[in-house]
Each structure stands twice: as structure tokens, then as C-alpha cells.
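Yeah, the sequence shown ends on 150 if you go by our numbering, and it's all consecutive.
No residue lacks a Cβ here, since even glycine has one placed at the ideal position from N, Cα and C.
The model shown is predicted, which means the values in this text are computed figures rather than measured ones.
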Amino acid sequence: MLIDKKDRPYTILALKIVGDFGLAIAVPVVVFVLIGQFLDEQRESAPLYTILSFVLAALLSGRMIYKKAKFYGREYQGLNNQTGRDRKVEQTKEETKSKL
């Protein structure tokens, strides 16, 4: 098996984080810059709206990343707590078997 069974939840969480953060950065930047370019063409104000929209998208992406990082931090802690409990249960089962 490529990924160890005990590491699977961590790997899945890591892939979710990478995908989510990538989208949180890329989508606002692309959408806002396209809107900025459209406004620049309409008002003939070359890079003004493109730059402003990029800065706005960067701020929005930063805020989204901050919130997502807090969320995934809590999810990671929950995952750590859960795996810790699972290990204790397995140890208890092994101790019980060894006593028999």
C-alpha cells in the first residue's frame, strides 16, 4: 500500500487543504483581474482598475486563507485527538489480550 493506514486521514486532510487554499487564491484573483480589465477598457484608464482589483483580490484571498487556516487547524487537532484515542483503545485491547 502506498499510504500507511494510520496516515490516511492526514493525507486526505493535506490534499483538502492544498486544493482549498489553491482555489481561495486563484479564483478571486482571476475573477477580479478580469473585472478590472473590463473596467479599464470601458473607461480607458489603462492599468488603474486592474491594479485596484488585484489588490482587492489579494486582500480577500488573504482573509479567506486566514479563516480556512483556523478551520483546518481545528480539524487537524480533532484528528490528532481522535487518533490518540484510537491508539489508547488499541493498547487497552492488546493489554487485555496479553493478560488472558
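Sorted by chain position, which residues of the same chain lie with C-beta nearer than 7 Å to Phe71's C-beta, five sequence neighbours on each side aside?
The residue you call residue 71 lines up with position 21 of the sequence shown. Within the same chain, Phe71 has close Cβ partners Ile115 and Lys118.
Just to confirm the assignment, what range does the alpha helix (DSSP H) spanning Glu91 have?
Position 41 of the sequence shown, counted from the start, is the residue given in the question as residue 91. Per DSSP, Glu91 belongs to the alpha helix (DSSP H) from Arg58 to Arg93.
Taking all protein chains shown into account, decide if Thr142 is buried (16 or more other Cβ within 10 angstroms of its Cβ) or exposed.
Walking along the sequence shown from the start, residue 142 turns up at place 92. The residue in question, Thr142, is exposed, as its Cβ has fewer than 16 Cβ neighbours within 10 Å.
If we count the other Cβ atoms within 10 Å of its Cβ and call it buried at 16 or more, is Ala96 buried or exposed?
Here residue 96 corresponds to residue number 46 of the sequence shown, with the count starting at 1. Its Cβ having fewer than 16 others within 10 Å, Ala96 is exposed.
Report all residues from its chain with a CB closer than 6 Å to the CB of Ile67; omit the five preceding and five following residues, and keep chain order.
Taking the sequence shown and counting its residues from 1, one reaches residue 67 at position 17. Around Ile67: Tyr122.
Taking just the CA atoms, how far does Ala74 sit from Asn130?
On the sequence shown, position 80 is the one that residue 130 refers to. On the sequence shown, position 24 is the one that residue 74 refers to. Each residue's CA atom was taken as its position, placing Asn130 and Ala74 some 25 Å apart.
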